[in-house]
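Residue numbers (our numbering), protein chains in the order written: chain A, 1 to 388; chain B, 389 to 537. We put the CB at the ideal spot given by N, CA and C, even for glycine. Computed from a predicted structure; not experimentally measured. Notes to accompany the following structure.
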């Protein structure tokens with residue numbers, strides 16, 4: 001019987017961090033072409049497409065038309081920046097069941113060049129009156145950063161987490177970025193640099209916040225059987241799961257707990273791994289507090305102990321105890337609005353042994369965990385070098 | 389904690405704020421704010437309270453009823469927004485966005501007003517403070533509990 005275990009056979013990055021001549025679709029195009037080249041898959045082999053974008057421009061059916069993809073499975077799920085972990089989860093199921101044989105997951109965004117760096121510090125409202133649950137939030141002027149700041153404040157209140165400990169996350173991530181010539185910011189920083197940077201929303205400073213960049217990425221998944229005939233190094237999708245605790249921040253049940261505590265254990269169980277098996281973590285780091293909450297949610301430290309865990313310093317570095325966001329993460333390298341696809345791509349780069357200066361030795365198991373919305377939706381994907 | 393009407397007026401400027409659209413389930417809530425009442429949904433079947441208003445009880449799926457809330461609560465968490473590029477907030481100076489634990493149980497976002505931003509603490513007791521937004525509705529700001537309220 002054919003081995004329909006889902007594998008990633010191709011990944012591609014668009015150009016980043018700032019590419020003023022590229023629009024969203026151009027980023028998709030560069031990333032898709034590079035993923036096709038990487039995999040040896042032909043465009044005409046693709047029978048599943050998963051992407052999210054704006055209606056009429058880069059939404060899923062428009063992208064299928066734009067790139068000439070004759071799909072059997074189409075998925076335009078919205079779950080914020082982690083949607084690419086959701087797509088990998090959906091693609092794995094489609095591939096296992098035979099609904100699709102070769103699925104393309106794609107992303108492209110010209111956020112920095114088209115809109116500047118305002119994502120976290122502006123309101124997303126128009127003159128029209130606000131419909132839906134956001135109508136209970138928008139009158140209060142809570143920009144995106146404020147939601148994460150309230151989570152950080154509550155974590156500090158309950159567990160004594162400090163700004164110095166959060167800052168160490170930015171410092172370690174910047175150390176990783178210093179080895180990535182494409183990273184938006186590459187010069188090493190200190191805890192003092194973070195604490196001395198402008199306060200945006202207490203207790204989050206500017207350097208507790210991710211960068212805003214342009215960028216894009218594509219991932220091609222197929223069956224292990226098909227992968228055997230392709231030239232690239234296949235990486236197994238050994239486990240995946242998705243969950244959300246709320247969508248809007250005002251509905252977050254517990255400001256110190258996230259859905260990573262649901263999707264993480266489910267994905268680990270499917271893959272049959274424990275924490276000790278994990279060689280590298282790629283975590284959605286929209287803000288330093290996001291990294292901390294995901295570390296706790298996934299169980300790499302006990303709830304409330306994330307501060308002391310990262311505060312030792314160097315833990316998250318590529319040569320540290322728990323190599324995390326080895327490309328420099330959203331905090332220093334690349335965040336075009338939705339970072340989830342880069343978590344998958346960096347995991348594959350590490351598992352293939354192609355991560356250069358930041359290569360984690362003997363890297364066999366990687367975990368990608370995304371956060372979408374406002375610490376709301378969280379998808380976890382366990383990727384392995386060997387068959388699960 | 390003193391109640392300073394002038395200071396509160398400066399913190400509760402309505403002009404430029406994005407206001408709610410009155411929809412099927414939000415209309416009763418917002419119309420009550422215009423009468424100075426804070427409405428929550430309460431489920432007679434399972435006893436759960438909920439906010440924001442919606443068609444069904446999220447705990448058990450039955451149809452909830454409206455109840456007038458006490459307007460009392462405590463700060464669950466908060467932040468001081470020091471950078472917001474959008475009007476009118478960019479003109480306000482530092483302001484507090486807070487989550488309030490209502491006495492009845494649900495949680496609600498607001499601007500905490502009537503005190504200095506540096507005086508806000510988690511757990512601080514607060515009360516609702518309605519400010520008319522138009523002819524129909526008021527926005528439920530919250531402020532520290534005061535004796536002269």
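Backbone secondary structure at residue i - three-state DSSP
i: residue 29 (chain A); result: helix
i: residue 274 (chain A); result: coil
i: residue 440 (chain B); result: coil
i: residue 75 (chain A); result: strand
i: residue 9 (chain A); result: strand
i: residue 537 (chain B); result: Low confidence applies here, because residue 537 (chain B) scores a pLDDT of 47, under 50, leaving its location unreliable; read the following figure in that light. Coil at residue 537 (chain B), not helix or strand.
i: residue 472 (chain B); result: coil
i: residue 192 (chain A); result: helix
i: residue 128 (chain A); result: coil
i: residue 486 (chain B); result: strand
i: residue 62 (chain A); result: helix
i: residue 311 (chain A); result: helix
i: residue 87 (chain A); result: helix
i: residue 263 (chain A); result: helix
i: residue 198 (chain A); result: coil
i: residue 143 (chain A); result: coil
Member of the options whose CA lies at the smallest distance from the CA of residue i
i: residue 140 (chain A); options: B:441, B:415, B:421, B:483; result: B:483
i: residue 175 (chain A); options: A:292, A:332, A:271; result: A:332
i: residue 42 (chain A); options: A:21, A:65, A:69, A:60; result: A:69
i: residue 195 (chain A); options: A:171, A:178, A:216; result: A:171
i: residue 468 (chain B); options: B:517, B:434, B:403, B:500; result: B:500
i: residue 303 (chain A); options: A:325, A:258, A:122, A:192; result: A:258
i: residue 409 (chain B); options: A:97, A:87, A:192, A:128; result: A:128
i: residue 344 (chain A); options: A:377, A:308, A:381, A:371; result: A:381
i: residue 292 (chain A); options: A:274, A:276, A:267, A:325; result: A:325
i: residue 92 (chain A); options: A:50, A:130, A:115; result: A:50
i: residue 368 (chain A); options: A:285, A:337, A:313; result: A:285
i: residue 122 (chain A); options: B:513, B:474, B:401; result: B:474
i: residue 508 (chain B); options: B:525, B:524, B:476, B:465; result: B:465
i: residue 67 (chain A); options: A:31, A:83, A:39; result: A:31
i: residue 2 (chain A); options: A:372, A:334, A:226, A:102; result: A:226
i: residue 116 (chain A); options: A:372, A:335, A:150, A:383; result: A:335
i: residue 38 (chain A); options: A:314, A:251, A:234; result: A:234
i: residue 289 (chain A); options: A:267, A:275, A:301, A:256; result: A:256
CA-to-CA distance, residue j to residue i, given in whole angstroms
i: residue 208 (chain A); j: residue 412 (chain B); result: 40 Å
i: residue 537 (chain B); j: residue 458 (chain B); result: In this prediction, residue 537 (chain B) has a pLDDT of 47, which is less than 50 and means its spatial position is unreliable; what the coordinates show is noted afterwards. Approximately 14 Å between the Cα atoms of the pair.
i: residue 247 (chain A); j: residue 272 (chain A); result: 29 Å
i: residue 461 (chain B); j: residue 81 (chain A); result: 33 Å
i: residue 269 (chain A); j: residue 239 (chain A); result: 7 Å
i: residue 308 (chain A); j: residue 79 (chain A); result: 31 Å
i: residue 532 (chain B); j: residue 393 (chain B); result: 13 Å
i: residue 61 (chain A); j: residue 90 (chain A); result: 17 Å
i: residue 18 (chain A); j: residue 355 (chain A); result: 22 Å
i: residue 135 (chain A); j: residue 426 (chain B); result: 15 Å
i: residue 450 (chain B); j: residue 132 (chain A); result: 21 Å
i: residue 399 (chain B); j: residue 424 (chain B); result: 19 Å
i: residue 429 (chain A); j: residue 45 (chain A); result: Lying outside 1 to 388, the shown extent of chain A, residue 429 (chain A) is not represented and no answer is given.
i: residue 478 (chain B); j: residue 86 (chain A); result: 36 Å
i: residue 529 (chain B); j: residue 517 (chain B); result: 5 Å
i: residue 434 (chain B); j: residue 167 (chain A); result: 44 Å
i: residue 496 (chain B); j: residue 161 (chain A); result: 24 Å
i: residue 346 (chain A); j: residue 386 (chain A); result: 17 Å
i: residue 391 (chain A); j: residue 15 (chain A); result: Only positions 1 to 388 of chain A appear in the structure, and residue 391 (chain A) is not among them; the question remains open.
i: residue 205 (chain A); j: residue 416 (chain B); result: 40 Å
i: residue 169 (chain A); j: residue 158 (chain A); result: 19 Å
Interface partners of residue i on chain B, CB under 7 Å
i: residue 143 (chain A); result: 469, 472
i: residue 200 (chain A); result: 470, 471
i: residue 146 (chain A); result: 467, 469, 485
Cross-chain neighbours of residue i in chain B, by beta carbon under 9 Å
i: residue 153 (chain A); result: 465, 466, 467, 510
i: residue 250 (chain A); result: 439, 440, 487, 495, 496, 497
i: residue 205 (chain A); result: By Cβ distance, chain B contributes nothing, its closest Cβ being about 10 Å from residue 205 (chain A), past 9 Å.
i: residue 118 (chain A); result: 473, 474
Partners in chain A for residue i, counting only beta-carbon separations shorter than 8 Å
i: residue 409 (chain B); result: 128, 129, 130, 131, 135
i: residue 518 (chain B); result: By Cβ distance, chain A contributes nothing, its closest Cβ being about 12 Å from residue 518 (chain B), past 8 Å.
Chain A residues whose Cβ lies nearer than 9 Å to that of residue i
i: residue 527 (chain B); result: 139, 140
Interface partners of residue i on chain A, CB under 7 Å
i: residue 414 (chain B); result: 135
Per-residue contacts from residue i into chain B (C-beta, under 8 Å)
i: residue 255 (chain A); result: 464, 465, 487
Exercise for the section: Would you check if there are 3 or more beta carbon pairs closer than 8 Å linking the region 432-450 of chain B to the region 490-509 of chain B? Expected result: yes
Problem - Touch test, the region 307-326 of chain A against the region 347-363 of chain A, Cβ-Cβ under 8 Å, three pairs minimum - result: yes
Problem - Given 8 Å, three or more beta-carbon pairs between the region 97-108 of chain A and the region 16-27 of chain A - result: yes
Problem - Given 8 Å, three or more beta-carbon pairs between the region 392-409 of chain B and the region 370-377 of chain A - result: no
Handout entry: contact_flag[the region 137-154 of chain A, the region 273-280 of chain A] where n(CB pairs < 8 Å) is 3 or more
Key = no
Handout entry: the region 347-355 of chain A / the region 250-264 of chain A touching (three or more Cβ pairs under 8 Å)
Key = no
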